[in-house]
Amino acid sequence: MTYPDRDGAWRPRPAQRPEEETTQPFQALPPPPSIFAPPPVAVPRPEAPVVPVAAEPVAPAPQETETADPVARRLAAPAVTSAPLAAPSALAAVAVPSVTDRPDSGGPPPEGGAEAAADAGVRPSGRMHRLHAGRHTISRATLKRITVAPSTGAGLIIGRDRQHAAVPLRLFTPEPVRVTLVGGVWAAQLVVFRAFSMGARVTVVTDEPHAWAGFGERATGQHNRLRVLNGPPGPGGTGTAQAPMLTVYDLGMTGPAATTPLGPWRSQLTVLRQLDRSGVPALQDAQVVLLQRLGGDEAALVSAALRLRPHSSQFLQFMADDMMALIDEGTDRYLFLAQTEAEQREVGAPRR
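When we follow my numbering, the leftmost residue of the sequence shown carries the number 7, and every step to the right adds one.
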């Protein structure tokens, strides 16, 4: 018996000794499998061309040594298929979309061009997409025409000056405020009507209750916003910024007999129907003075008590019915009351 050696030459096999002979029976090897598989039968579809599918890559077999058995070498051989290889166009059809094929995230492209954009799409940014709230553009010529109006301050709007700017009256503050009005009931009710819009609760002490009867219900639609008394009001409640309190003394030609203490967010309005020497103390004790058109003697008393300029005394006698003078800290301002339709309906036309 001969066998191949390392160099491929056939040499005779040495005879085995009796003690080296094996006692195991001879086992026949199974027949080798078929190397070539039958080709698959492809049925073409007339409506769509058949797209070739790429063959699955097969891992390479481990490197065999020269001494491996030929039968085992045939068993380890990979199966061969007759399917054609995939074309490059088919591979492109099933390729994973690139970064540039992804939908736009809505934000601006990163700086650095296309390479930076691809790099930013691959790596996580760690932030959410930008919210699109819209934007508005304006030309430079239009931008130059935009101006900022000065603030009119906070308070009760008592009227408008000659430049049509609103003039506020700080009637309700954390500190008590005392106001004296020389004029008629119409001017006093106009001030009260505008105080209602600030949430005020009003108490009227008057010698003529019929002049104020039903005014609070008509102006506010509520019965508890204004109360009319014929005597001293007594101790009042505590006012707040949301619900300040106003006490009106409409006693003819004089103010209250005694000074009533006031607290935070509480104000006092003293109405003088006519002005004589008995009403001068009410002018001097007030922080703010409101004046309708005055007579000659009234203008002289006001100018002397408040130390106004000479021409102010003359102008106080020629104001229109819808005008009022505001004197605050020695400064006199002349305003137009500018009534609204609701004020004209509930309070009436200007008069004294």
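Idealized CB from N, CA, C, for every residue including glycine. Here the structure is a predicted model, which means the values were calculated and not measured.
Decide if Glu304 is buried, meaning its Cβ has at least 16 other Cβ atoms within 10 Å, or exposed. Within the sequence shown, numbered from 1, the residue matching residue 304 stands at position 298. Counting Cβ neighbours within 10 Å, Glu304 comes out buried, since at least 16 surround it.
As a quick exercise: from Leu149, Thr265, Arg233 and Leu196, pick the residue whose alpha carbon is nearest that of Val183. Your numbering for residue 183 matches position 177 in the sequence shown. Among Leu149, Thr265, Arg233 and Leu196, the Cα nearest to that of Val183 belongs to Thr265.
Count the CB pairs spanning the stretch 184-192 and the stretch 289-303 that are closer than 8 Å, and state whether there are at least three. Result yes; three or more Cβ-Cβ pairs closer than 8 Å.
Closest Cα partner of Leu232 within the set Asp167, Ala201, Leu289 and Thr153: In the sequence shown, counting from the first residue as 1, residue 232 sits at position 226. Residue Ala201 is the option with its Cα nearest to Leu232.
What is the C-beta distance between Pro174 and Leu162, in whole angstroms, given that I count them as a contact (C-beta under 8 Å)? Within the sequence shown, the letter at position 168 stands for residue 174. Within the sequence shown, the letter at position 156 stands for residue 162. Separation of the CB atoms of Pro174 and Leu162 is rounded to 6 Å, and the pair is thereby assigned contact status at 8 Å.
Option nearest Gln350 by Cα separation, candidates Ser319, Leu341, Leu235 and Leu196: Along the sequence shown, one-based indexing puts residue 350 at 344. For the residues Ser319, Leu341, Leu235 and Leu196, the minimum Cα distance to Gln350 belongs to Leu196.
Tell me whether the stretch 204-221 and the stretch 241-252 touch, counting them as touching only if at least three CB pairs, one residue from each stretch, are closer than 8 Å. yes
Is Leu244 helix, strand or coil when you go by DSSP? In the sequence shown, the residue the question calls residue 244 occupies position 238. First, the amino acid is wrong: residue 244 is Thr here, not Leu. Thr244 falls in the coil class under three-state DSSP.
Ignoring anything shorter than 4 residues or poking outside the stretch 242-315, list the alpha helix (DSSP H) runs there in chain order. 286-291 and 302-312
Opening and closing residue of the beta strand (DSSP E) in which Arg146 lies: Residue numbering aside, residue 146 sits at position 140 when the sequence shown is read from its first letter. Counting along the chain, Arg146 falls outside any beta strand (DSSP E), though it belongs to the alpha helix (DSSP H) covering Arg146 to Lys150.
Opening and closing residue of the alpha helix (DSSP H) in which Arg221 lies: Along the sequence shown, one-based indexing puts residue 221 at 215. The sequence given here places Phe at residue 221; Arg does not occur at that position. Phe221 to Thr226 is the extent of the alpha helix (DSSP H) around Phe221.
What does Ala201 pair with, by DSSP beta-bridge criteria? For the purposes of this step, residue 201 is taken as the residue at position 195 of the sequence shown. Answer is none; Ala201 lacks a bridge partner.
Exposed or buried, Ala171, counting other C-beta atoms within 10 Å across all chains shown (16 or more means buried)? On the sequence shown, residue 171 is found 165 positions in, with the first residue counted as 1. So Ala171 ends up on the exposed side.
Between Val277 and Pro215, what straight-line distance do the alpha-carbon atoms span, to the nearest angstrom? Sequence index remark: in the sequence shown, residue 277 carries index 271 (1-based). Sequence index remark: in the sequence shown, residue 215 carries index 209 (1-based). Rounded to the nearest angstrom, the gap between the Cα atoms of Val277 and Pro215 is 14 Å.
Once you ignore the five residues that flank Arg176 on each side, which residues in its own chain have a CB closer than 6 Å to its CB? Counting from one through the sequence shown, the residue named residue 176 turns up at place 170. Excluding sequence neighbours, Arg176 sits near Gly161.
Note down, in chain order, each residue of its chain lying with its Cβ closer than 6 Å to the Cβ of Gly245, except the 5 sequence neighbours on either side. One-based indexing of the sequence shown puts residue 245 at position 239. The beta carbon of Gly245 sits closer than 6 Å to the beta carbons of Met251, Trp271 and Arg272 from its chain, once the five residues preceding and following it are set aside; these are given in chain order.
From the DSSP output, read off the bridge partner residues of Met329. By 1-based counting over the sequence shown, the position of residue 329 is 323. Met329 is bridged to Phe342.
Note down the Cα distance separating Leu343 from Gly240, rounded to an integer number of angstroms. Translated into the one-based positions of the sequence shown, residue 343 becomes position 337. Translated into the one-based positions of the sequence shown, residue 240 becomes position 234. Rounded to whole angstroms, Leu343 to Gly240 spans 33 Å at the Cα level.
Taking the alpha-carbon positions, what's the Leu235 to Thr253 distance? Taking the sequence shown and counting its residues from 1, one reaches residue 235 at position 229. Taking the sequence shown and counting its residues from 1, one reaches residue 253 at position 247. The C-alpha of Thr253 is placed about 11 Å away from the C-alpha of Leu235.
Would you call the stretch 317-336 and the stretch 217-230 touching, i.e. three or more CB-CB distances under 8 Å? no
What is the rounded straight-line gap between the Cα of Pro238 and the Cα of Tyr255? What you label residue 238 is simply residue 232 of the sequence shown in a count that begins at 1. What you label residue 255 is simply residue 249 of the sequence shown in a count that begins at 1. If you take the alpha carbons of Pro238 and Tyr255, they lie about 10 Å apart.
Could you spell out where the beta strand (DSSP E) holding Arg168 opens and where it closes? Stepping through the sequence shown from its first residue, residue 168 is reached at position 162. From DSSP, Arg168 is part of no beta strand (DSSP E); its letter is neither H nor E.
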